[in-house]
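Protein chains in written order, with the working numbering: chain A, -3 to 110; chain B, -2 to 111.
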């Protein structure tokens, strides 16, 4: 049972480069999320997709774009990476966006921008 | 915007002692309060949650209490063990943009010493 799978696990980028983080879930969940985790800052929501075909901004969307490719897949793109985007990125999913739905996280992607 | 404050940021206890982590939230409409545990290098995982119609919930050595009037909730771990060492995150639901989303606290690093 894979749950939420994200790739790559580690990546080093140069300032200005672009890259896409991939995420897929096999739990038939409707909602998917991208969070970033920085020391002392907890988990901050970048973007979310309440259902296939919809995406919305979270707390810290600047510098990122997302695509909900289908029900299973939700990708995060950095168009022009900046050192401030050095972070651990977590993809997550839940049955629906709502206060009674447990969020399940992927294993994380460690991104360093130099 | 809505926020969740979590204290303390670090907590060190002796094995067998109790540990208490406290969170306050700002959105009076919040009605779902999960707690996640994150071991070093791993993904956050749900350990217990509580809904606004309940004042306390217990699961073996873990308990959570909620005071809606004061807008705070707490995690209690009794008879701590070394494997309880991890970072713990509280979260509160927040309704905005048509959806309920989770807002996370900054985390508490718990160290249990044998």
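C-beta atoms are modelled at their ideal positions from N, C-alpha and C, and glycine is treated no differently.
Proximity to residue 57/B [Cα-Cα], best of 48/B, 74/B and 107/B: Of 48/B, 74/B and 107/B, the residue nearest in Cα terms is 74/B.
The ligand GTP heavy atom lying under 6 Å from the CB of residue 63/B: The model on display carries no ligand, and the ligand GTP is accordingly not part of it.
Residue-chain proximity (residue 108/B, chain A), Cβ-Cβ < 7 Å: Taking a beta-carbon distance threshold of 7 Å, residue 108/B does not count as an interface residue toward chain A.
Close beta carbons around residue 24/A, own chain, < 8 Å, minus the five adjacent residues each side: Within its own chain, the residues whose Cβ lies closer than 8 Å to the Cβ of residue 24/A, once the five positions on either side in sequence are excluded, are 67, listed in chain order.
Near-chain B residues of the region 37 to 63 of chain A (beta-carbon distance less than 9 Å), N- to C-terminal order: Within the region 37 to 63 of chain A, the residues whose Cβ lies closer than 9 Å to any Cβ of chain B are, in chain order, 37, 38, 39, 40, 41, 44, 46, 52, 53, 54 and 55.
Three-pair Cβ contact test at 8 Å for the region 12 to 29 of chain A versus the region 43 to 61 of chain A: A contact is defined here as three or more CB-CB pairs under 8 Å, and the region 12 to 29 of chain A meets this definition with respect to the region 43 to 61 of chain A.
Straight-line gap, residue 66/B to residue 2/B (C-alpha atoms, nearest Å): The straight-line gap from Cα to Cα measures roughly 16 Å.
According to DSSP, residues forming a beta bridge with residue 32/A: DSSP lists 40/A and 85/A as partners of residue 32/A.
First through last residue of the beta strand (DSSP E) which encompasses residue 64/B: Where residue 64/B is concerned, the enclosing beta strand (DSSP E) stretches over 59 to 64.
Residue-level contact to chain A via CB, residue 41/B, 7 Å cutoff: Cβ-Cβ to chain A under 7 Å: yes for residue 41/B.
Residues that residue 98/A contacts on chain B, provided the C-beta gap is smaller than 9 Å: For residue 98/A, the chain B residues whose Cβ falls inside 9 Å of its Cβ are 31, 43 and 46, in order along the chain.
DSSP three-state assignment for residue 80/B, whether helix, strand or coil: Residue 80/B falls in the helix class under three-state DSSP.
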